[in-house]
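Protein chains in written order, with my numbering: chain Z, 120 to 436; chain X, 120 to 436.
Only one structure is covered here, and it is reproduced in the block below.
Number of protein chains: 2
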Amino acid sequence: MKFGSIATWRMSHEGIEDSLELLKNNGTSNDAIEMIIKHVEDYPYYKSVGYGGLPNIEGILEMDAAFMDGDTFQIGAVAGITDVCHPISVARKLSHEKFNSFLVGQGATKYAMTNGFERKNMLTERARKLWEKRLDDMAKHSLSPYDGHDTIGAISLDKTGSMSAGTSSSGLFMKKPGRVGDSPLSGSGFYVDSDIGGAAATGLGEDLMKGILSYEIVRKMEGGMTPQEACDEAVYSFHDKLTKKYGKCGAMSLVAMNNKGDWGVATNVEFTFSVGNDQNKAAIYIANMGENHTTMIEPITQEWLDAYENRIKAPIK
Amino acid sequence: MKFGSIATWRMSHEGIEDSLELLKNNGTSNDAIEMIIKHVEDYPYYKSVGYGGLPNIEGILEMDAAFMDGDTFQIGAVAGITDVCHPISVARKLSHEKFNSFLVGQGATKYAMTNGFERKNMLTERARKLWEKRLDDMAKHSLSPYDGHDTIGAISLDKTGSMSAGTSSSGLFMKKPGRVGDSPLSGSGFYVDSDIGGAAATGLGEDLMKGILSYEIVRKMEGGMTPQEACDEAVYSFHDKLTKKYGKCGAMSLVAMNNKGDWGVATNVEFTFSVGNDQNKAAIYIANMGENHTTMIEPITQEWLDAYENRIKAPIK
Chain Z
120 MKFGSIATWR MSHEGIEDSL ELLKNNGTSN DAIEMIIKHV EDYPYYKSVG
170 YGGLPNIEGI LEMDAAFMDG DTFQIGAVAG ITDVCHPISV ARKLSHEKFN
220 SFLVGQGATK YAMTNGFERK NMLTERARKL WEKRLDDMAK HSLSPYDGHD
270 TIGAISLDKT GSMSAGTSSS GLFMKKPGRV GDSPLSGSGF YVDSDIGGAA
320 ATGLGEDLMK GILSYEIVRK MEGGMTPQEA CDEAVYSFHD KLTKKYGKCG
370 AMSLVAMNNK GDWGVATNVE FTFSVGNDQN KAAIYIANMG ENHTTMIEPI
420 TQEWLDAYEN RIKAPIK
Chain X
120 MKFGSIATWR MSHEGIEDSL ELLKNNGTSN DAIEMIIKHV EDYPYYKSVG
170 YGGLPNIEGI LEMDAAFMDG DTFQIGAVAG ITDVCHPISV ARKLSHEKFN
220 SFLVGQGATK YAMTNGFERK NMLTERARKL WEKRLDDMAK HSLSPYDGHD
270 TIGAISLDKT GSMSAGTSSS GLFMKKPGRV GDSPLSGSGF YVDSDIGGAA
320 ATGLGEDLMK GILSYEIVRK MEGGMTPQEA CDEAVYSFHD KLTKKYGKCG
370 AMSLVAMNNK GDWGVATNVE FTFSVGNDQN KAAIYIANMG ENHTTMIEPI
420 TQEWLDAYEN RIKAPIK
């Protein structure tokens, strides 16, 4: 029986490993998605998701997350939520609601508080220091404040053929209060249909929501493309189209998996991801845009991983 | 030269008329969209958009809006904004931002306030009374609180071939604080590409965001379908699919226009809309779901209009 998981960025790897163990032991894709994403939300050195995430311009850590069940199309989402350990778990619970399944701002935080979700000050001392440093750099060097939009986006397939998708992000570093990216938006940040497959995105949310790429990839897989063909065709065509129409195209990286456990990715920046299925154990790869609407994918090197580890834990000067 | 506008519900009619005059005199589709929607936002007797809109469960009127330029794909959106006269104008201004173009909750309200948008207490005495009455009915009769999700969604085409889309809504009556529907979500609530056409939605946002129908309709028009074929095929296929997968499908009504000014609609409930172009002056129609994935469309009757007028202005008992 087929099963598998794929997710954006190196940070997803440990969660992907755990999810494959779960799926092998007949766990559900819904549980797998929550497991993958909670892992990243918990880890303090990933500065764009959950605990340790970087705050908005006012120093407040606002988080976005979404959950989708590919069997029923149930979706739950939150945006601008604060002080909650696991935004993905709040999103999953909201997916069971017929009404009020997407909550933002104080309404989202209040829902989490009154429904028993674990509260926590999610702003680490390290993140606060990075915020102070950036404010300083902005004042001194007129530096553009924005970067760091490494959303975790994940797709899982379980042995029964059910599929699920999820995302979680603290959004753009130094964003304005209340800014929402693509992560909680179905079609843009994620989409999954157990009859076909799913896709999820990371990158500049403001541009991703112009392209509805997660849905587009699922639709192309429905039309018969492999996940890799669907990713290449959707992402690079839209990259070209937006560059032509808008004059520029922000970073965008998509991952996809179909209902056979086959996967694909496409990206217009250097992009890491983790993937595994019933045939191949979890592994980290690095992808770059190739020529003629193709993607170059290589196994990650130990050198890259070591440098990454040093970078995310480096002292803040 | 071709031009035209289409928008959801009878309430859009006066704005559609004005927009056709504007477009005839070489106005832009961007200006036409803002004009159509502001008209509805201003009118106190439309209880699901702007001034006079119905509040959330706590008696606070929270509004959602979005704007999309089909030439550049620029999108601006707000959700859960309060105390601002014209959410659509805030969304339009945000569409010029490279970053932070979708703002929610207090962040959205703060942006409007600090950028000079007209402030206003948008909760009318009539809306407050309806809220009190509903609270009372809920307590006495265990009535489901939710109804009233008549979003204004509009598409315009100007003589230069530019197209635009916009939406504005106070969302579900009695919604939880922070609840967001499909209106500010690109792909679900609206989508427009000047090379093809555009579409916009009204209905139960929680279900519309499961289907990404505005984008799907644009994509089907790109594939060669007329707007009517695209609406019929997208809406009724998804209605069937969601009913099968989720056991039910909420109200959904979509309008579309292509870059020749041809239009279409599809709906699974009784639905009114207004449309006009360079060939035909603005007119209100009523649509219902027909057999075999078709839509029955008839001109509105004076009888219907009179009953509507009486209904929206009836004393609150």
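Where is the CB? At the ideal position from N, CA and C, for every residue including glycine.
Simplified DSSP assignment, three categories, for residue i
i, result
"isoleucine 194 of chain X", "strand"
"isoleucine 152 of chain Z", "helix"
"aspartate 381 of chain Z", "coil"
"threonine 414 of chain Z", "strand"
"leucine 424 of chain X", "helix"
"alanine 353 of chain X", "helix"
"asparagine 429 of chain X", "helix"
"tyrosine 365 of chain X", "helix"
"isoleucine 331 of chain X", "coil"
"valine 203 of chain X", "strand"
"valine 311 of chain X", "strand"
Minimum Cβ-Cβ distance from residue i to chain Z less than 9 Å
i, result
"tyrosine 365 of chain X", "yes"
"lysine 166 of chain X", "no"
"valine 203 of chain X", "no"
"leucine 373 of chain X", "no"
"proline 163 of chain X", "no"
"tyrosine 355 of chain X", "no"
"glutamine 421 of chain X", "no"
"asparagine 106 of chain X", "With chain X running from 120 to 436 in the structure shown, residue 106 of chain X is simply not present."
"asparagine 219 of chain X", "yes"
"lysine 294 of chain X", "yes"
"lysine 229 of chain X", "yes"
"serine 307 of chain X", "yes"
"alanine 184 of chain X", "no"
"arginine 338 of chain X", "yes"
"glycine 224 of chain X", "yes"
Chain X within 9 Å of residue i, Cβ atoms only
i, result
"aspartate 190 of chain Z", "yes"
"isoleucine 331 of chain Z", "yes"
"lysine 400 of chain Z", "no"
"glycine 322 of chain Z", "no"
"alanine 433 of chain Z", "no"
"serine 275 of chain Z", "no"
"valine 209 of chain Z", "no"
"asparagine 387 of chain Z", "no"
"arginine 298 of chain Z", "yes"
"glutamine 347 of chain Z", "no"
"tyrosine 265 of chain Z", "yes"
"methionine 257 of chain Z", "no"
"arginine 253 of chain Z", "no"
"leucine 180 of chain Z", "no"
Inter-residue spacing [alpha-carbon to alpha-carbon] between residue i and residue j
i, j, result
"alanine 385 of chain X", "methionine 408 of chain X", "7 Å"
"methionine 241 of chain Z", "threonine 201 of chain Z", "8 Å"
"isoleucine 370 of chain Z", "serine 288 of chain Z", "According to the sequence displayed, residue 370 of chain Z carries alanine and not isoleucine. One C-alpha to the other measures close to 15 Å."
"isoleucine 152 of chain Z", "lysine 294 of chain Z", "27 Å"
"isoleucine 125 of chain Z", "asparagine 378 of chain Z", "12 Å"
"alanine 406 of chain Z", "glutamate 389 of chain Z", "6 Å"
"threonine 321 of chain Z", "alanine 320 of chain X", "26 Å"
"valine 223 of chain X", "methionine 120 of chain Z", "43 Å"
"alanine 375 of chain X", "lysine 367 of chain X", "24 Å"
"serine 261 of chain X", "isoleucine 435 of chain X", "20 Å"
"phenylalanine 218 of chain X", "tyrosine 355 of chain X", "36 Å"
"tyrosine 119 of chain X", "glutamine 421 of chain X", "Nothing in the structure corresponds to residue 119 of chain X, since chain X is present only between 120 and 436."
"aspartate 269 of chain X", "lysine 239 of chain X", "22 Å"
Cut-off 8 Å between Cβ atoms - residues of its own chain near residue i, not counting five sequence neighbours on either side
i, result
"isoleucine 403 of chain X", "Arg129, His132, Thr391, Phe392, Ser393, Pro418, Ile419 and Leu424"
"alanine 227 of chain X", "Val197, Ala198, Gly199, Ile200 and Val209"
"serine 220 of chain X", "Gln193, Ile194, Gly195, Ala196, Leu213 and Ser214"
"aspartate 150 of chain X", "Leu141"
"leucine 361 of chain X", "Asp326, Lys329, Gly330, Lys367 and Cys368"
Close Cβ partners of residue i (< 6 Å) along its chain, the five nearest in sequence each way excluded
i, result
"arginine 245 of chain Z", "none"
"tyrosine 334 of chain Z", "Gly306 and Tyr310"
"threonine 243 of chain X", "Pro163 and Gly171"
"aspartate 397 of chain Z", "Lys121 and Phe122"
Residues of its chain near residue i, where Cβ-Cβ distance is below 7 Å and the 5 sequence neighbours each way are ignored
i, result
"serine 148 of chain X", "Ser275, Leu276, Asp277, Ser281, Met282 and Ser283"
"aspartate 351 of chain X", "Ala385, His412, Thr413 and Thr414"
So does the stretch 171–179 of chain Z actually touch the stretch 404–414 of chain Z, counting three or more Cβ pairs closer than 8 Å? Too few Cβ pairs lie closer than 8 Å, so no.
With a cut-off of 8 Å, do at least 3 Cβ pairs link the stretch 205–216 of chain Z to the stretch 127–135 of chain Z? no
Can you confirm whether the stretch 270–287 of chain X touches the stretch 185–204 of chain Z when touching is taken to mean that 3 or more C-beta pairs between the two stretches lie within less than 8 Å? No: the two stretches stay apart, fewer than three of their Cβ pairs being nearer than 8 Å.
contact_flag[the stretch 326–339 of chain Z, the stretch 300–312 of chain X] where n(CB pairs < 8 Å) is 3 or more: yes
The stretch 426–433 of chain X touching the stretch 155–172 of chain X, judged by at least three CB pairs closer than 8 Å: yes
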